[in-house]
Amino acid sequence: MQPRPRREPRLPLWSRPGYLIRRLHQIHCALFLEECRDAGLTPVQYGLLTALAFRGELDQGSLAEELGLDRTTAAEVLSRLERRGLVTRKPNPRDRRARLARITRRGRSVTAAMFSGMQRAQDRMCAPLTQKERDVFMATLARLIEANNEYGRGALRID
């Protein structure tokens, strides 16, 4: 798809990082959904499965912190994934109010099958950048997130 000719002057929004970040997020989601359409998972669902595959069994609160989600959103996403047989949940024996989530064998298989599509989406989004620019871009994003993490809707655990 060819970019449309740019109208001059650009809106003042183009000088605002929040606007540009939101727009880039929209673009990323569209690319992810296009590249991973066969799996039928959203970026958040894929992220949750990836966290469980990497960390193992986690309580829902810890899982929410891993992804910077609020607990309610994490619980809703887990419910959808559980209905699809991609995760299981059980009561936490140390805290009966909490539930532990674990990725299933099927969940691992789906996550592994999605990896190349996810990577293609990332590569397409960053294609205009050189490798050095990508490294700087990623470091800058991480720095901004770490410096402003407390303002996010859900607390992202940074360690």
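Using numbering that gives the first Met the number 0, read the sequence shown as starting at 0 and increasing by one per residue. C-beta: ideal position from N, C-alpha, C; glycine also.
Decide if residue i is buried, meaning its Cβ has at least 16 other Cβ atoms within 10 Å, or exposed.
i: Ile157; result: exposed
i: Phe53; result: exposed
i: Glu34; result: buried
i: Gly106; result: buried
i: Gln59; result: buried
i: Ile26; result: exposed
i: Ala146; result: exposed
i: Ala120; result: buried
Tell me, to the nearest whole angstrom, how far the beta carbon of residue i is from that of residue j; I am working on the premise that it is less than 8 Å.
i: Leu57; j: Leu48; result: Incorrect: roughly 12 Å between the Cβ atoms, too far for contact.
i: Met113; j: Tyr45; result: 6 Å
i: Met124; j: Leu32; result: Wrong, their Cβ atoms sit about 13 Å apart, outside the cutoff.
i: Ala111; j: Leu77; result: Contact doesn't hold; Cβ gap of about 20 Å is too wide.
For residue i, which three-state DSSP category applies?
i: Thr87; result: strand
i: Leu12; result: helix
i: Asp58; result: strand
i: Ile20; result: helix
i: Arg93; result: coil
i: Arg98; result: strand
i: Ala146; result: helix
i: Leu128; result: coil
i: Glu81; result: helix
i: Ala38; result: coil
i: Gly103; result: The sequence shown places Thr at residue 103, rather than the Gly named in the question. Reduced to three states, the DSSP call for Thr103 is coil.
In terms of alpha-carbon separation, which member of the options lies closest to residue i?
i: Arg98; options: Arg104, Pro90 and Arg105; result: Pro90
i: Gly116; options: Leu40, Gly67 and Lys131; result: Leu40
i: Glu149; options: Lys131, Pro8, Gly60 and Glu64; result: Glu64
i: Arg104; options: Leu23, Pro4, Arg93 and Gly55; result: Gly55
Say whether chain D places a C-beta atom closer than 8 Å to the C-beta of residue i.
i: Glu132; result: Absent here is chain D; the protein component of the structure consists of one chain.
Please list, in chain order, all residues of the same chain as residue i whose beta carbon is under 7 Å from its beta carbon, the five residues on each side excluded.
i: Glu81; result: Thr87 and Arg88
i: Cys28; result: Pro42
i: Asp69; result: Ala63, Arg152 and Gly153
Please list, in chain order, all residues of the same chain as residue i whose beta carbon is under 8 Å from its beta carbon, the five residues on each side excluded.
i: Leu66; result: Val43, Gly46, Leu47, Ala50, Ala73, Gly153 and Leu155
i: Val109; result: Ala38, Leu40, Leu48 and Leu85
i: Trp13; result: Leu19
i: Arg133; result: Cys125
i: Pro11; result: none
i: Ile163; result: This structure cannot speak to residue 163, because the chain is shown only from 0 to 158.
What does a CB cutoff of less than 6 Å around residue i pick up in its chain, not counting 5 residues either side in sequence?
i: Pro16; result: none
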